[in-house]
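Encoded as structure tokens, the structure appears first; notes follow it.
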Amino acid sequence: MNSIARFAVKYPVTVLMLVLGIVLLGFISFGKLGTDLFPDLNNPKIYIELTAGEKPPEEIEKNYVDQIESLAMRQSEVIQVSSVSRAGSAYITVEYNWNKDMDEAFLDLQKELNSFSQNSDLEDFTISQYDPNASPVMIIGLKNDRISNMDELRKVAENYIRNELVRIEGIADVRMAGVEESEVVIETNRYMLESFGLTTDDIASRISNYNRNVSGGSIVEMGTKYVVKGVSVLED
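Here our numbering is used: the first residue of the sequence shown is 2, the next is one more, and so on.
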């Protein structure tokens, strides 16, 4: 350190020229640095969401979350599994190593949890791979003074506007929020069901089978993208 100080005192012009050279080199290099407006990011996380009626958090965690966490921890290169349980729902995060192929991890985890989701009494079960490059780039608010019925406004947004948006090339998904959906309550007569050899699970299964919306992929023809899906949905 003393030798450097002595050299700087003895040759101040040389030291000054070296410093200016380093600053100039840094200035030139800074201007040539490559930039990317939307850089590719690899977020090594997979998210699992589930809903199960109005069950308390303790029951959600005991009956579903613990099993899912155990299955997720068996996957290769999993670093951590965390979860948040609420009344009627749970949110589970599976974190992998940064060098993990997330497409492969998603397929493996989906395959592992497929039998669990089918054999359980969950109302909804979703596995998603969050992609920072697929974050929403536009939020649209819908308002119509001539439509006072929110259910009618929801139908317009869902059946017309959303369907037109998903056909646009480059749009991966369109989600709706803040809408009101109608529900139907079915009351059964236990004695009548027993006389026909049926249970409430049989009724729920039959309704679910007739209320499906299955995606069939997409077809591109003459520059236009068409979304194909099989619709068997009960409507009011």
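Ideal Cβ placement from N, Cα and C applies to all residues, glycine included.
query: What are the residues that DSSP puts in a beta bridge with Thr-52?
result: As a position in the sequence shown, residue 52 is number 51, starting the count at 1. Bridge partners of Thr-52: Ser-90 and Asp-125.
message: According to DSSP, simplified to helix, strand and coil, what is Val-10?
response: Residue 10 sits at position 9 when you count from the first residue of the sequence shown. Helix, per DSSP.
query: How far does the alpha helix (DSSP H) with Leu-154 in it reach, from first residue to last?
result: Here residue 154 corresponds to residue number 153 of the sequence shown, with the count starting at 1. Looking at the DSSP string, the run of the alpha helix (DSSP H) that includes Leu-154 is 151-157.
query: Do the stretch 46-66 and the stretch 78-95 meet, that is, are 3 or more Cβ pairs less than 8 Å apart?
result: yes
- prompt: Secondary structure at Lys-144, three-state DSSP: helix, strand or coil?
  reply: As a working note, residue 144 is residue 143 in the sequence shown. Three-state DSSP puts Lys-144 in coil, outside helix and strand.
- prompt: Less than 8 Å separating the beta-carbons of Arg-168 and Lys-101?
  reply: The sequence position of residue 168 within the sequence shown is 167, counting from 1. The sequence position of residue 101 within the sequence shown is 100, counting from 1. Not in contact: Arg-168 and Lys-101 (Cβ atoms no closer than 8 Å).
task: Evaluate Tyr-326 with the Cβ neighbour count: other Cβ atoms within 10 Å of its Cβ, from every protein chain shown; 16 or more gives buried, anything less gives exposed.
output: Limits of the chain in this structure are 2 at one end and 237 at the other, which puts residue 326 out of reach.
message: Which of the three DSSP states is assigned to Ile-172 in this structure?
response: Here residue 172 corresponds to residue number 171 of the sequence shown, with the count starting at 1. In this structure, Ile-172 counts as coil in the three-state DSSP scheme.
task: Starting from the C-beta of Arg-87, find all residues in its chain whose C-beta is less than 7 Å away, skip the five residues before and the five after it, and write them out in chain order.
output: In the sequence shown, the residue the question calls residue 87 occupies position 86. If we look at Arg-87 and ignore the five residues flanking it on each side, its Cβ neighbours are Pro-58.
query: Where do the ends of the alpha helix (DSSP H) carrying Leu-199 lie?
result: Here the question's residue 199 lines up with position 198 in the sequence shown. Leu-199 -> no alpha helix (DSSP H), and no H or E assigned at all.
task: Return the residue from the list Leu-108, Val-175, Glu-170 and Leu-123 that minimises the CA-CA distance to Met-139.
output: Here residue 139 refers to the residue found at position 138 when the sequence shown is read from its first residue. Among Leu-108, Val-175, Glu-170 and Leu-123, the Cα nearest to that of Met-139 belongs to Val-175.
query: In or out: Ile-204 buried (at least 16 other Cβ within 10 Å) or exposed?
result: Looking up residue 204 in the sequence shown gives position 203. Ile-204 is exposed by the Cβ-count criterion.
task: Note down the Cα distance separating Gly-1 from Phe-126, rounded to an integer number of angstroms.
output: Residue 1 cannot be examined here, being either before or after the span of the chain that is shown, 2 to 237.
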